[in-house]
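Step one of this worksheet: look at the structure below.
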Amino acid sequence: MELEIAAFFALILAWTHGATLEEFTNGNNLFAANIYKEVIKTNNENVLISPLSAEIVFAMAQSGAKGKTGEEIRTGLHLPNTDEETRSTVKSVLPTLNGDGSFQLHSANKIYVTDKFPVKEEFKQVATSVYQADLENVDFGHNAETADVINKWVEKQTQNKIHNLIEPDMLDNRTVAVLLNALYFNAKWNTRFSERLTKKENFYKTARDVVEVDFMHDYNEEYSYYESEELNAKFLELPFLGDDLSMVFVLPNEKTGLATLENQVEKVFSRHNFAEISLNVTIPKFKIESTTDLKQVLENVSDIVRCMKLGVKKAFSQNEADFTGAVDLK
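With mature numbering (1 follows the signal peptide of the UniProt record, and there is no 0) applied, the sequence shown covers -18 to -1, 1 to 312.
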């Protein structure tokens, strides 16, 4: 079985070198928890999101934001305290998001900017040298043509997995810029599941909603495992080929335990002391396709630490957004 992910805004990667990187990792995990809690309020389906992609895009935007717009983005996304720390961290992180050895991992950044106003040199330098982003001038007034240009870039970067990300009616003469991050991941499990051992079993969506699905099985293999009494759940780490990346499955001990886990998802995303033990593993086969509009999510997302709403609002307001650090609107 291969796992293939093409996502724009759930890979949550951990970096462990240096205090600022640690701060960035912790901030990303907290941001991911906030996003997850907000998304599930209005979505009862399976969800696939990439908080890291969202963080990269908004970190790019923050480098061109001024005043309260920049402050909201920094606070809402839990970015490091200074621009210098953010840029240093991003420069360290981005090279780890590209690999073509035992797995495919590809990240790309792109900024489409209106051709009606000049881009400021400082923002251009930060975008290209720190975020490794390509900048391209377009006429957003020709919205159908520009949407087609953007969508073709998206398709190319995601191996044709994501289509029609931008609708023409999202663009008009008032659009100043479109910032994109594409994240593509394709890998095989380190220990592959045998098709011969796959069979139908009951899967509990809830305690009363039961469906029969294909389950994959593996017996008496060494796996990284952790059991949390606090969360009343089991954690299983499955490495991908090469052992550089892995997926963590979290299983509540109770059939009705998912809601309890979701209420403490920041603890789910924190680090745990896994131990290698021999296990019999049973996992349902799954396929997830998900689209999430993060605009409303980011406007509503709350800061758990301060227990108050610190949403990213001004960045989405035509009257209040201040991105004069990126484009000269005079």
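Backbone N, C-alpha and C define an ideal beta-carbon position, used for all residues, glycine too.
What did DSSP end up calling residue i once you bin it into helix, strand or coil?
i	result
K98	coil
V309	strand
A303	coil
K50	helix
P33	helix
K23	coil
G58	helix
N63	coil
E248	helix
G239	coil
S45	coil
N28	coil
M290	Confidence is the limiting factor: at M290 the pLDDT is only 29, short of 50, which leaves the residue's position unreliable, though a coordinate-based value still follows. The answer is strand: DSSP assigns M290 an E or B state.
Could you give the C-beta distance for residue i and residue j, rounded to a whole number, given that I count them as a contact under 8 angstroms?
i	j	result
L304	T51	Contrary to the premise, residue 304 reads as Asp rather than Leu in this sequence. Confirmed, Cβ separation roughly 4 angstroms.
N133	I148	6 angstroms
A36	L276	6 angstroms
S89	L79	4 angstroms
W171	L223	7 angstroms
F6	S45	Actually they are not in contact, since the Cβ atoms of F6 and S45 sit about 15 angstroms apart, beyond 8 angstroms.
F85	N168	7 angstroms
V247	Y18	5 angstroms
Y166	T140	5 angstroms
With distances taken between CB atoms, is the gap from residue i to residue j smaller than 8 angstroms?
i	j	result
I270	N28	yes
V112	A159	no
L213	L243	yes
T128	V120	yes
A257	Y201	no
E203	T173	yes
I31	N91	no
V192	P266	no
E177	F197	no
L117	V101	yes
V263	E20	no
D154	G123	yes
H145	S210	no
F251	A14	yes
P33	N63	no
N245	A215	no
I93	L161	yes
Kindly identify the DSSP beta-bridge partner or partners of residue i.
i	result
M229	L220
G81	L87
P234	A215
I93	L117 and L161
Taking 7 angstroms as the cut-off, does the CB of residue i come closer than this to any heavy atom belonging to the ligand PLP?
i	result
V230	No copy of the ligand PLP occurs in the structure displayed, which carries no ligand at all.
Does the beta carbon of residue i sit closer than 8 angstroms to a beta carbon anywhere in chain C?
i	result
T51	In the structure shown, chain C cannot be found, because there is only a single protein chain.
Exercise. Would you mind listing the beta strand (DSSP E) stretches within the stretch 112 to 157 that are 3+ residues and don't spill past its ends, in chain order?
Key: 115 to 120
Quiz item: In the stretch 154 to 215, which residue ranges form an unbroken beta strand (DSSP E) of at least 3 residues, counting only runs that do not cross its ends?
Solution: 159 to 170, 181 to 186 and 192 to 210
Quiz item: What are the start and end residues of each continuous alpha helix (DSSP H) run of 4 or more residues lying completely inside the stretch 252 to 284, in chain order?
Solution: 276 to 282
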